[in-house]
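Numbered according to full-length UniProt numbering, the sequence shown spans residues 1 to 222. These notes concern the structure reproduced below.
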Amino acid sequence: MALGQHITDDDDTLANVRTEPTQSRSSKRLDHLLDAAAAIVDDGEAERMTTAEVAERAGASIGTVYRYFPDRLAILAALRQRATRRFRQKLAEELSIEHPEDWMSLLDTVVDVYVEMYRSEPGFSVIGAGNRERVEDDGDESRPSIFAVRLAREIAEGFDVENDADLRFSLDICVEIGEALVARAFATDPAGDERYIAECRRILHSYLGEHLATAESRASAA
């Protein structure tokens, strides 16, 4: 199986948009509004952002904004959803090109792409705000994030690891740690403080490595 196949999905719709664009021009108009919101986020004004400010930055009428979004929170949620989708698309592309040889290399690629998105994708810092997408209740009490579940599939199928609740829980922890440390790396340094990024990689290697070693020991003893 080619790596990256489980990272993305086929649904490109934005759940927080009132009217989903069906034509290219409407899609560009929506993207333009989100680009304006991203610029406001990058200016550090996300908490004070208003629909009127988004309209002004985008050179659009307030009516155009309300056509797509009921309020500022819906704009931020849609921006976060777009950033998440673009990150996953970029990650899937990189995994298919790089073909990581082991799970540590795969995690490094995840961190590398996440860091690069912080540097290159306007408004990407909003990705850490709001509630994380989680799987529906399917018997897994921890309800890991959707991204953790997708990573579990990649690691399980790519490196012959059992995809069980423990792996998904451990990867959910990795996602939480990774997002927090990378966000901290960019909190005071627009290029990203490499000390935090390096520690992020080290901690993820150590934490998941311990889980996989324990899982292997259990399997051997069974």
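Where is the CB? At the ideal position from N, CA and C, for every residue including glycine.
> Does the beta-carbon distance from Val111 to Arg201 come in below 7 Å?
Replying inline: Within the sequence shown, numbered from 1, the residue matching residue 111 stands at position 111. Within the sequence shown, numbered from 1, the residue matching residue 201 stands at position 201. In this structure, Arg201 lies closer than 7 Å to Val111 by Cβ.
> Quick one: what does DSSP say Ser61 is sitting in, helix, strand or coil?
Replying inline: As a first step, residue 61 is located in the sequence shown; it is residue number 61 there, counting from the start. Looking at Ser61 - three-state DSSP - the assignment turns out to be coil, as it is neither helix nor strand.
> Helix or strand or just coil, what does DSSP make of Leu76?
Replying inline: If you number the sequence shown from 1, residue 76 lands on position 76. The answer is helix: DSSP assigns Leu76 an H, G or I state.
> By Cβ distance below 8 Å, which residues in the same chain neighbour Leu79 in space, the five residues on each side in sequence not counted?
Replying inline: Numbered from its first residue, the sequence shown carries residue 79 at position 79. Taken in chain order, the residues that qualify are Leu34, Ala37, Ala38, Val41, Gly123 and Val126.
>> Can you tell me whether Tyr66 is buried or exposed? The criterion is at least 16 other CB atoms within 10 Å of its CB, across all chains shown.
In response: In the sequence shown, residue 66 corresponds to position 66, counting from 1. With fewer than 16 other Cβ atoms within 10 Å, it is exposed.
> Grouping DSSP H, G and I as helix and E and B as strand, with all else coil, what is residue 230?
Replying inline: Limits of the chain in this structure are 1 at one end and 222 at the other, which puts residue 230 out of reach.
> Where does Leu91 land, buried or exposed, given buried means 16+ other C-beta within 10 angstroms?
Replying inline: Locating residue 91 in the sequence shown gives position 91, counting from the first residue. Per the 10 Å Cβ criterion, buried.
> Between Glu94 and the rest of its own chain, which residues show a CB-CB distance below 7 Å, the 5 nearest in sequence each way excluded?
Replying inline: For the purposes of this step, residue 94 is taken as residue 94 along the sequence shown, with counting starting at 1. Here the set comprises Thr109 and Val113.
>> Does Ser170 pass the burial test, meaning 16 or more other C-beta atoms within 10 Å, or should it be called exposed?
In response: Here residue 170 refers to the residue found at position 170 of the sequence shown. Around the CB of Ser170, 16 or more other CB atoms lie within 10 Å, so the residue is classed as buried.
> Hey, how far is the Cα of Glu216 from the Cα of Ala46?
Replying inline: Along the sequence shown, read from residue 1 onward, the residue named residue 216 stands at position 216. Along the sequence shown, read from residue 1 onward, the residue named residue 46 stands at position 46. Glu216 and Ala46: Cα-Cα distance of roughly 45 Å.
>> Can you check which of these residues, Ser26, Asp31, Asp102 and His205, is closest to Ser82 by C-alpha distance?
In response: Numbered from 1 along the sequence shown, position 82 holds the residue referred to as residue 82. Here residue 82 turns out to be Arg, not Ser, going by the sequence shown. For Arg82, the closest alpha carbon among the candidates Ser26, Asp31, Asp102 and His205 is that of Asp31.
> In chain order, what residues of the same chain have a beta carbon less than 6 Å from the beta carbon of Leu151, not counting five sequence neighbours either side?
Replying inline: Numbered from its first residue, the sequence shown carries residue 151 at position 151. Correct list, in chain order: Leu171.
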